[in-house]
Amino acid sequence: MKKLAEYQKFIYLGIVVIALGIVFTTSLRETAGYFGNVLVAIGGLLFIVGMSKKKRSEKDTD
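Residue numbers (our numbering): 415 to 476.
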């Protein structure tokens, strides 16, 4: 099994957290709507961190 790069882990985790946040926001609007918004924000931050790490790793290899 191929080992993922560090930036890929952050990107995939960000996508999963964003998707989970969207599910909470739409289906559990009355009970966990705000929690879904928080998860979307955290997932976005993880995605941004992953893209930043990818840019750094590509810069280091050049």
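C-beta atoms are modelled at their ideal positions from N, C-alpha and C, and glycine is treated no differently.
Asked	Found
Are the stretch 443-459 and the stretch 468-476 touching by the rule of at least three beta carbon pairs closer than 8 Å?	no
Just the Cα atoms here: how many angstroms apart are G464 and T445?	31 Å
Check whether the Cβ atoms of L459 and F424 lie closer than 7 Å to each other.	no
Hey, G435 and N451 are a contact pair by Cβ (cut 8 Å); roughly how many whole angstroms apart?	7 Å
What three-state label does DSSP hand K416 in the structure shown?	coil
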